[in-house]
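Chemist: Right, I'll just put the structure down here and ask away after.
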Amino acid sequence: AQSVTQPDIHITVSEGASLELRCNYSYGATPYLFWYVQSPGQGLQLLLKYFSGDTLVQGIKGFEAEFKRSQSSFNLRKPSVHWSDAAEYFCAVGVENNDMRFGAGTRLTVKP
Amino acid sequence: DTAVSQTPKYLVTQMGNDKSIKCEQNLGHDTMYWYKQDSKKFLKIMFSYNNKELIINETVPNRFSPKSPDKAHLNLHINSLELGDSAVYFCASSHRGGGYQPQHFGDGTRLSIL
Numbered sequence: 732a733q734s735v736t737q738p739d740i741h742i743t744v745s746e747g748a749s750l751e752l753r754c755n756y757s758y759g760a761t762p763y764l765f766w767y768v769q770s771p772g773q774g775l776q777l778l779l780k781y782f783s784g785d786t787l788v789q790g791i792k793g794f795e796a797e798f799k800r801s802q803s804s805f806n807l808r809k810p811s812v813h814w815s816d817a818a819e820y821f822c823a824v825g826v827e828n829n830d831m832r833f834g835a836g837t838r839l840t841v842k843p
Numbered sequence: 012d013t014a015v016s017q018t019p020k021y022l023v024t025q026m027g028n029d030k031s032i033k034c035e036q037n038l039g040h041d042t043m044y045w046y047k048q049d050s051k052k053f054l055k056i057m058f059s060y061n062n063k064e065l066i067i068n069e070t071v072p073n074r075f076s077p078k079s080p081d082k083a084h085l086n087l088h089i090n091s092l093e094l095g096d097s098a099v100y101f102c103a104s105s106h107r108g109g110g111y112q113p114q115h116f117g118d119g120t121r122l123s124i125l
């Protein structure tokens, strides 16, 4: 069955430090992969998506993600974190029939 | 200008009551969804509609009934509310082929059952 795993429930980084959030997926066909961010009291906002082509995708707010088929991973990265990046981050895989499966989320805390 | 709007934002009610949550999108999308997010932030799809036709109906109690009067609206009615229904409910929309399309989310409705 299709699934998404985000191994880290909570990550804390210092402002200005680099960030990598991990995501692993399980899906038989070519996956459609997404990263969303949820700020407190808000809905989810799309950061970036991967469908095909270049395995390094750029998103909004300075985020990027790299698709690695051999590792079934789609990790999210940012070279320098800002305090405003503190939020919950969700990885998702799109499957057929209107379905999208979300990971359990990773909460990012940014230390001053 | 809000793309996906839900009302109300907060809903506090007693066990056993019936309540509705409304959702409207002005993005011209064909597909709309309802998700439930529990206290641990886990997000689970409940329903999805393509142009007023039900496509996904996950295993949710039949106390939950979605209604789509047109493709821009998808409302959620809940009968006989229970304590376990306390959660944040998100509406979302996308172009057709939703599993492969980015979804746009509303800001959520926080439902609290007393």
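Taken in order, these protein sequences are the chains called A and B.
Numbering-wise (the working numbering), the first sequence opens with residue 732 and increments by one.
Numbering-wise (the working numbering), the second sequence opens with residue 12 and increments by one.
A virtual CB, placed ideally from N, CA and C, is assigned to each residue, including glycine.
Bear in mind that the values here come from a model prediction, so they are computed numbers and not experimental data.
1. Could you pull the DSSP bridge partners for A:Asn755 from this structure?
2. Note down, in chain order, each residue of its chain lying with its Cβ closer than 6 Å to the Cβ of B:His105, except the 5 sequence neighbours on either side.
3. Write down the C-beta distance between B:Asn86 and B:Pro77 rounded to the nearest angstrom, noting that I regard them as a contact closer than 8 Å.
4. Here's the rule I'm using: 16 or more other beta-carbon atoms within 10 Å means buried, otherwise exposed. How should B:Glu93 be labelled?
5. Quick one, which of A:Arg800, A:Cys822, A:Trp814 and A:Ser783 has its alpha-carbon nearest A:Leu807's?
6. Assuming the contact rule is C-beta atoms closer than 8 Å, A:Tyr756 and A:Ser803 should be a hit. Round their C-beta distance to whole Å, please.
7. With a threshold of 8 Å on Cβ separation, who are the neighbours of A:Gln789 within its own chain once the five nearest residues in sequence on each side are excluded?
8. Quick check: B:Ile66 and B:Leu122, are their CB atoms within less than 9 Å of each other?
9. I need the straight-line Cα distance from B:Phe58 to A:Lys842, nearest angstrom please.
10. Examine chain A for any beta-carbon lying closer than 9 Å to the beta-carbon of B:Phe53, and answer yes or no.
11. Are the C-beta of B:Pro77 and some C-beta of chain A separated by less than 9 Å?
12. Where does B:Ser91 sit, in a helix, a strand or coil, going by DSSP?
13. According to the Cβ coordinates, are A:Leu764 and A:Gly836 closer than 9 Å?
14. Give the range of the beta strand (DSSP E) segment to which B:Arg107 is assigned.
15. In this structure, does DSSP put A:Asp830 in helix, strand or coil?
16. List the residues of chain A whose Cβ lies closer than 7 Å to the Cβ of B:Asp29, in chain order.
17. Under 9 Å between the Cβ atoms of B:Ala103 and B:Val15?
18. One question on the structure: do A:Phe833 and A:Tyr758 come within less than 9 Å of each other, judged by their Cβ atoms?
19. Mind checking who A:Ser745 pairs with in its DSSP beta bridge?
Modeler: In brief:
1. A:Thr736 and A:Ser804
2. One detail in the question is off: residue 105 of chain B reads as Ser in this sequence, not His. Same-chain partners within the cutoff: His40, Thr42, Gln112 and Gln114.
3. 7 Å
4. exposed
5. A:Cys822
6. 6 Å
7. Leu779 and Glu795
8. no
9. 38 Å
10. yes
11. no
12. coil
13. no
14. From DSSP, B:Arg107 is part of no beta strand (DSSP E); its letter is neither H nor E.
15. coil
16. Simply none; closest approach about 25 Å.
17. yes
18. no
19. A:Lys842
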